[in-house]
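Peer 1: Handing you a structure now.
Residue numbers (mature numbering (1 follows the signal peptide of the UniProt record, and there is no 0)): -18 to -1, 1 to 150.
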């Protein structure tokens, strides 16, 4: 999955001639730093809700910027970036929180690269029970209604998953 994500990021950065990348949620950021940032000249900001992960990233990768933030909160202001990358982050949110996170992303950028499940019943995210549970979303459908610019990389033809580029 990481190799597919790297391909999607590279395609989107090239397509948009992007010079800055906001990674939400960045997790430990090791694969991003070694596989993408080590060979691309791009201003990077990693965002994650887990403060100790952000602190460890700052120690491990001091040349990159990291912020602790919950993107599902309406007051959160993220730094501006040419592109937001978010792999499976929104899928762990309740649908209402995912909608709010997209509003947060929209204030920071005009474009989003994320994984989607085409034609997913987005209402499953309203009753999934816990943030640890995964809900399939298609961000081109309600309640998200984002404009899909293009498919970047197909992931699995059987469950209609892909990485796609969206206009925020």
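Think of the CB as a built atom: it goes at the ideal place given N, C-alpha and C, for glycine as much as any other residue.
Fair warning: this is a prediction, and the values are worked out from it, not measured in the lab.
Pick out the complete alpha helix (DSSP H) segments inside the stretch 29 to 75, 4 residues or longer, and give them in chain order.
Peer 2: Taking only runs of at least 4 residues, the alpha helix (DSSP H) segments lying wholly in the stretch 29 to 75 are 33 to 42.
Peer 1: Where does residue 105 fall in DSSP's three states?
Peer 2: Indexing the chain shown from 1 puts residue 105 at position 123. Note: residue 105 maps to helix in three-state DSSP.
Peer 1: Determine the direct distance from the alpha carbon of residue 13 to that of residue 103, and round the result to whole angstroms.
Peer 2: Mapped onto the chain shown, residue 103 falls at position 121. Mapped onto the chain shown, residue 13 falls at position 31. Near 31 angstroms, if we compare the C-alpha coordinates of residue 13 and residue 103.
Peer 1: Taking the CB atoms as reference points, tell me whether residue 116 and residue 74 lie closer together than 8 angstroms.
Peer 2: Locating residue 116 in the chain shown gives position 134, where the first residue counts as 1. Locating residue 74 in the chain shown gives position 92, where the first residue counts as 1. Yes. Within cutoff.
Peer 1: Please report the distance separating the alpha-carbon of residue 120 from that of residue 63.
Peer 2: Here residue 120 corresponds to residue number 138 of the chain shown, with the count starting at 1. Here residue 63 corresponds to residue number 81 of the chain shown, with the count starting at 1. Whole-angstrom Cα-Cα distance: 23 angstroms.
Peer 1: How is residue 126 classed by DSSP in three states: helix, strand or coil?
Peer 2: Within the chain shown, the letter at position 144 stands for residue 126. Coil.
Peer 1: To the nearest angstrom, how far is the alpha carbon of residue -13 from that of residue 57?
Peer 2: Position 6 of the chain shown, counted from the first residue, corresponds to residue -13. Position 75 of the chain shown, counted from the first residue, corresponds to residue 57. Rounded to whole angstroms, residue -13 to residue 57 spans 30 angstroms at the Cα level.
Peer 1: Please determine, among 35, 32, -6 and 49, the residue with the shortest C-alpha to C-alpha distance to residue 18.
Peer 2: As a working note, residue 18 is residue 36 in the chain shown. For the residues 35, 32, -6 and 49, the minimum Cα distance to residue 18 belongs to -6.
Peer 1: Checking 8 angstroms against the spacing of the C-beta atoms, do residue 134 and residue 145 come in under that value?
Peer 2: Working through the chain shown from its first residue, we reach residue 134 at position 152. Working through the chain shown from its first residue, we reach residue 145 at position 163. A contact, by the Cβ cut-off of 8 angstroms.
Peer 1: Might you give, ordered along the chain, the residues of its own chain that have their beta carbon closer than 7 angstroms to the beta carbon of residue 36, omitting 5 neighbours on each side?
Peer 2: Looking up residue 36 in the chain shown gives position 54. Excluding positions up to five away in sequence, the list reads 30, 48, 49 and 50.
Peer 1: Rounded to the nearest angstrom, what separates residue 123 and residue 4 at their Cα positions?
Peer 2: The residue given as residue 123 occupies position 141 in the chain shown. The residue given as residue 4 occupies position 22 in the chain shown. Spanning the two alpha carbons is a distance of roughly 24 angstroms.
Peer 1: Could you check what DSSP says for residue 4 in three-state terms: helix, strand or coil?
Peer 2: Taking the first residue of the chain shown as 1, we reach residue 4 at position 22. In this structure, residue 4 counts as strand in the three-state DSSP scheme.
Peer 1: Indicate whether residue -11 and residue 66 have their beta-carbon atoms separated by less than 8 angstroms.
Peer 2: By one-based count along the chain shown, residue -11 stands at place 8. By one-based count along the chain shown, residue 66 stands at place 84. Against a cut-off of 8 angstroms, the Cβ pair of residue 66 and residue -11 comes out as no contact.
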